[in-house]
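Written out below as structure tokens is the structure these notes cover.
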Amino acid sequence: MKFRMASFFYIAFILLALCLSACDRKNNVCLPQEETTKPLLSELIALPPPAPQIEPISIEIGGKMISVDRLVEGPLCNDSWSGIVYVGCNATVGQSKMDTNENPLFLQGCDLNIEPNTIVYVAAHNDSAYYKGCSCHTGEDPIP
């Protein structure tokens, strides 16, 4: 009887470990890029905002095609976002210092306005969705 219980727990542990490891996402949305020099943050702050995107476009996120209101590629700093936004692999951030939690502050000083209820998907974070802005990269407290 003791052997059966021990065997049961051993097999259950192995099955649980296999299930959990299957959920581990090892692939990255963005391919590793060569180290290039990032522009100075002050250079990005000086840039005018990009032109508004007129039509929504479809992007594959998590294996599904999703219509996004704004695709962000190139310099990431001064802009206004609303609806569904996708920050692609080609987004450029400026050189920045780190905060106490080791978050890079590459939006500090930028004029980035994110409307309430905006969903921001970030390719560099494996297409994770963010619902409360980008305060971890500005150094500001998030809005409750």
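Quick note on numbering: our numbering labels position 3 of the sequence shown as 1160, and the sequence is numbered without any gaps.
Quick reminder that beta carbons are idealized off the backbone N, C-alpha and C, glycines included.
Note that the structure is a prediction, hence the values are computed from the model and not measured.
What separation, rounded to the nearest whole angstrom, lies between the Cα atoms of residue i and residue j?
i: D1256; j: S1199; result: 18 Å
i: S1253; j: V1242; result: 23 Å
i: I1202; j: E1259; result: 22 Å
i: A1179; j: P1206; result: Confidence at A1179 is low in this model, with a pLDDT of 45, below 50, so the placement of that residue should be treated as unreliable; the coordinate-derived value is given next. Distance between the alpha carbons of A1179 and P1206: 42 Å.
i: N1189; j: S1215; result: Strictly speaking, residue 1189 in this sequence is Pro, with Asn absent from that position. P1189 and S1215: Cα-Cα distance of roughly 24 Å.
i: T1193; j: H1294; result: 20 Å
i: I1276; j: K1221; result: 16 Å
i: S1239; j: L1197; result: 26 Å
i: V1229; j: C1187; result: 14 Å
Quick one: what does DSSP say residue i is sitting in, helix, strand or coil?
i: C1293; result: helix
i: I1211; result: coil
i: D1181; result: Its pLDDT being 43, under 50, D1181 is placed unreliably in this model, and the value from its coordinates should be taken loosely. Of the three classes helix, strand and coil, the one that applies to D1181 here is coil, per DSSP.
i: A1203; result: coil
i: L1188; result: coil
i: L1197; result: strand
With a 10 Å radius around its C-beta and 16 neighbouring C-beta atoms as the bar for buried, classify residue i as buried or exposed.
i: G1231; result: exposed
i: C1234; result: buried
i: Y1280; result: Contrary to the premise, residue 1280 reads as Ala rather than Tyr in this sequence. With 16 or more Cβ atoms within 10 Å of its Cβ, A1280 is classed as buried.
i: D1140; result: Absent from the model: residue 1140. The displayed extent of the chain is 1158 to 1301, so no value can be given.
Report yes or no: do the segment 1264 to 1271 and the segment 1236 to 1251 share at least 3 C-beta pairs separated by less than 8 Å? yes
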